[in-house]
Amino acid sequence: MADKYGAPAANSINNSDVESSATANSEELRRKKRIKYLTYGVVFVVFQTIVIVIFSLTIMKVKGPKFRVRSATVENLSVGSSASPSLSGIFNCQFGVKNTNFGQYKYDNVTVIFAYKGTTVGEVTVPKSKANMLSTKKINLRVDLSLPSTTSSEWNSDLSSGILPLIATSSRLNGKVTLMFIMKKKKSTQMNCTMELVIATQSLQNIKCK
-13 MADKYGAPAA NSINNSDVES SATANSEELR RKKRIKYLTY GVVFVVFQTI VIVIFSLTIM
47 KVKGPKFRVR SATVENLSVG SSASPSLSGI FNCQFGVKNT NFGQYKYDNV TVIFAYKGTT
107 VGEVTVPKSK ANMLSTKKIN LRVDLSLPST TSSEWNSDLS SGILPLIATS SRLNGKVTLM
167 FIMKKKKSTQ MNCTMELVIA TQSLQNIKCK
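Using our numbering, the letters of the sequence shown correspond one by one to residues -13 to 196.
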């Protein structure tokens, strides 16, 4: 009798254990899934934050352009004597507007002045234009040189050395950088270059720009 009526009780206990084990396994699986999804979410947020920081520090960071004399050749150079100081000739100059931004830079026209010891010897206007992103806009222009006379006490020594130091400066170059086709930021710069005019070879050397 004990076996006849005891078996169902044992089966009932075994079924209860199986159900409890299945419930525990199901809870454990759900817990692991929640942890996995939470981990994915944290990784995604961290990744997005890194992308935004890099984007802000590189693409969205706007830098000022660089405006410089890249090179120049000299034609028809004529230099006076120590008794009669004078200078005339032609510079065939290549100017450059370097844009290091991830957006186009549009700028207004600007005047560049070449000077010897504070006296203007040449002047030219660089017309308004644009420099594409991460590129240098190159502008070729002719500059007529003219120095009827000078009161500089250093003329004789410069003439003896065969080298005339010149400075190229500009008024402020104003423009705007366009990012993502909608965001515009104003940026400006000025030219400040020094160079040496070699009389014997009629050439420019040591062009240095800040």
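Beta carbons are placed, not taken as given, at the ideal position from N, Cα and C, and that holds for glycine.
Values in this document were obtained by computation on a predicted structure and should not be read as measured data.
N- and C-terminal bounds of the alpha helix (DSSP H) containing residue i
i    : result
L120 : Segment: none, L120 is in no alpha helix (DSSP H) and carries neither H nor E.
N142 : 141 to 147
Cutoff 6 Å; reference residue i; Cβ partners in own chain excluding five residues on either side
i    : result
N160 : D94, S174
R56  : Q80, G82
K103 : S138
Contacting residues, own chain, Cβ-Cβ under 8 Å from residue i (five flanking each side not counted)
i    : result
N85  : P51, Y91, A117, N118, M119, L120, S121, T122, K123, V163
V107 : L73, F100, A101, L131, S132, L133, L152
Unbroken beta strand (DSSP E) run spanning residue i, endpoints
i    : result
G161 : 159 to 165
A101 : 96 to 102
G108 : 105 to 112
G89  : Neither: G89 is in no beta strand (DSSP E) and is coded neither H nor E.
Through-space distance from residue j to residue i, alpha-carbon basis
i    : j    : result
T105 : K172 : 32 Å
F167 : K47  : 15 Å
G27  : K19  : 12 Å
L24  : S12  : 18 Å
F53  : T35  : 35 Å
V110 : S157 : 11 Å
V31  : L15  : 24 Å
K194 : K170 : 31 Å
S114 : T180 : At residue 114 the sequence reads Lys, which differs from the Ser that was named. Each residue's alpha carbon lies about 24 Å from the other.
N126 : V112 : 9 Å
G148 : T97  : 28 Å
L150 : G89  : 39 Å
I185 : Q176 : 28 Å
F77  : V29  : 60 Å
N192 : A58  : 11 Å
S189 : F33  : 55 Å
Residues of its chain near residue i, where Cβ-Cβ distance is below 7 Å and the 5 sequence neighbours each way are ignored
i    : result
K49  : T86, N87
K196 : N178
G75  : V60, E61, N62, L63, S64, L131
Identity of the residue in the options nearest residue i by Cα
i    : options                : result
T136 : C179, S67, D130, F53   : S67
S146 : A69, S157, V31, V60    : A69
E61  : T187, N192, K194, C195 : T187
L63  : Q191, L183, N192, K194 : L183
V129 : T35, L150, P71, A154   : A154
S138 : K22, P71, G75          : P71
Within the chosen definition, does the stretch 160 to 169 reach the stretch 133 to 152 through at least 3 CB pairs nearer than 8 Å?
no
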